[in-house]
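Here the structure is laid out as structure tokens; the discussion comes afterwards.
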Amino acid sequence: MREFDVTIGGGVLHAYDSGTGGAHALPVVWHHGTPNIGTPPRPLLDHADRLGLRLVGYDRPGYGGSTPRPDRTVASAGADTADVVDALDAPDAAGARPGRPFAVLGHSGGGPHALACAALLPDRVVAAVSISGLAPYDPTRDADWFAGFSDLGAASLRAAVAGRAAKEEYESVEHEGDMGFIAADGAAFDGEWGWIMEVVRPALAAGPAPLIDDDLAYVRDLGFAPSSIRSPVRLVHGGLDRMVPAAHSAQLARSIPHAVIDLTPDDGHISILRRAAAALEWIAAQRDERPNES
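Per this note's numbering, residue 11 is the first one in the sequence shown, and the count goes up by one each step.
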């Protein structure tokens, strides 16, 4: 896994290039959840390599090696992702392609960041996948948006709705209770998707600041309209997810009528990641329909 820094403004984004699929492969940018760092998922590397897809990722500002940016929005991911893809190869490297097309794949809080790329970079994003992703928050439909969340998940995001000071106070103490995991999630943790803990621990090493920035961004104006997305979209969700209820993908589907829906009724927030390999196959199919743009 090659790691590199991309200079943006007064800071850096710390990025990861798995090298799967080779230098000429279509980049697929992994958008991580909250709180994670951006290492592309190890359980997907072999499958991406077989499909000829180049898995890439980066730490959102404040996480890992990326410079904090407390005022960032979800829409900030558009320019950040483009900068990471453009920096994959040296300008004079064989096959280097400034402005090259790419796909995006996001889980949980990474879902809206992936969709932001599709909305804001329509000429570059070949396909977008949101797995267990959040829908835009609408204060006029607060009860609907929060319906189905676990107690801890709802409390954490309600603190964000109340503003930065309330969210910082909430994160200043440890909270115990139901996080929303189900038995299927436990089985996934015991298997290859136990990898998740490898990206959670370093994300929290420096404290909760980037998590706070994430949650504030989710409940503010995202900076884009899902209805504006024209790229192919796949929405993947588990019907028993209580960390981000499946109603969020249903809401997104109403805004993105051309989206493909992959709902598995018995999956939770982590076990649904076993559908990520199928999502990569779908991305490869979208690429193959545009053979001159991969």
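Don't be surprised by glycine CBs; every beta carbon is placed ideally from N, CA and C. Bear in mind the structure is a predicted one, so any value in this text is a computation, not a measurement.
Exercise for the section: Identify the continuous beta strand (DSSP E) that holds Thr274 and give its terminal residues. Expected result: Residue mapping note: residue 274 aligns to position 264 of the sequence shown, counting from 1. For Thr274, the enclosing beta strand (DSSP E) has its first and last residue at Val270 to Thr274.
Problem - Heavy atom of the ligand NAP within 8 Å of Leu167 beta-carbon - result: What this structure holds is no ligand at all, so the ligand NAP is not there to describe.
Exercise for the section: Could you have a look at Trp292 and say whether DSSP puts it in helix, strand or coil? Expected result: Along the sequence shown, one-based indexing puts residue 292 at 282. DSSP places Trp292 in helix when its eight states are reduced to three.
Exercise for the section: Please state if the CB of Leu290 and the CB of Leu63 are separated by a distance shorter than 9 Å. Expected result: Numbered from 1 along the sequence shown, position 53 holds the residue referred to as residue 63. Numbered from 1 along the sequence shown, position 280 holds the residue referred to as residue 290. In contact: Leu63 and Leu290 (Cβ atoms closer than 9 Å).
Practice task
Check whether the Cβ atoms of Gly278 and Leu250 lie closer than 9 Å to each other.
Solution key: As a position in the sequence shown, residue 278 is number 268, starting the count at 1. As a position in the sequence shown, residue 250 is number 240, starting the count at 1. Contact flag set, yes.
Practice task
Hey, could you find the ends of the beta strand (DSSP E) Val39 is sitting in?
Solution key: For this step, residue 39 is matched to residue 29 along the sequence shown. Counted as a single uninterrupted DSSP element, the beta strand (DSSP E) harbouring Val39 occupies residues Leu36 to His41.
Handout entry: Under the three-state DSSP convention, the category Ala137 falls into
Key = Sequence index remark: in the sequence shown, residue 137 carries index 127 (1-based). Judged by DSSP in its simplified three-state form, Ala137 adopts strand.
Handout entry: Proximity below 9 Å, CB of Asp225 to CB of Arg244
Key = Position 215 of the sequence shown, counted from the first residue, corresponds to residue 225. Position 234 of the sequence shown, counted from the first residue, corresponds to residue 244. For the pair Asp225 and Arg244, the CB atoms are not nearer than the 9 Å cut-off.
Problem - Cβ separation of Leu23 and Val114, assumed to be a contact under 8 Å, to the nearest whole Å - result: Position 13 of the sequence shown holds residue 23. Position 104 of the sequence shown holds residue 114. The C-beta distance from Leu23 to Val114 rounds to 15 Å, too long to meet the 8 Å contact threshold.
Exercise for the section: Could you tell me the distance, in whole angstroms, from the CA atom of Tyr26 to the CA atom of Ser182? Expected result: If you number the sequence shown from 1, residue 26 lands on position 16. If you number the sequence shown from 1, residue 182 lands on position 172. Straight-line Cα distance between these residues: approximately 31 Å.
Problem - Local conformation of Ala113 per DSSP, three classes - result: Taking the first residue of the sequence shown as position 1, residue 113 is located at position 103. In this structure, Ala113 counts as strand in the three-state DSSP scheme.
Handout entry: DSSP-derived helix/strand/coil call for Ser304
Key = Here residue 304 corresponds to residue number 294 of the sequence shown, with the count starting at 1. Unreliable positioning characterises Ser304 in this predicted model, as indicated by a pLDDT of 43, which lies under 50. The coordinate reading is nonetheless provided below. The three-state secondary structure of Ser304, taken from DSSP, is coil.
Handout entry: Delimiting residues of the alpha helix (DSSP H) encompassing Gly163
Key = If you number the sequence shown from 1, residue 163 lands on position 153. Run containing Gly163: Asp161 to Val171, per the alpha helix (DSSP H) assignment.
Handout entry: Sequence ranges, beta strand (DSSP E) only - wholly within the region 208–269, length at least 3
Key = Uninterrupted beta strand (DSSP E) stretches at least 3 residues long and entirely within the region 208–269 occur at 243–248, given in chain order.
Exercise for the section: Leaving out five residues on either side along the sequence, give the residues of the same chain with a beta carbon under 6 Å from the beta carbon of His42. Expected result: Mapped onto the sequence shown, residue 42 falls at position 32. Gly48 and Gly120.
Problem - Contact under 9 Å by Cβ, Ala164 with Tyr180 - result: On the sequence shown, residue 164 is found 154 positions in, with the first residue counted as 1. On the sequence shown, residue 180 is found 170 positions in, with the first residue counted as 1. The criterion of a C-beta distance shorter than 9 Å is not satisfied by Ala164 and Tyr180.
Handout entry: Collapsed DSSP secondary structure at Asp81 in the structure displayed
Key = Mapped onto the sequence shown, residue 81 falls at position 71. Looking at Asp81 - three-state DSSP - the assignment turns out to be coil, as it is neither helix nor strand.
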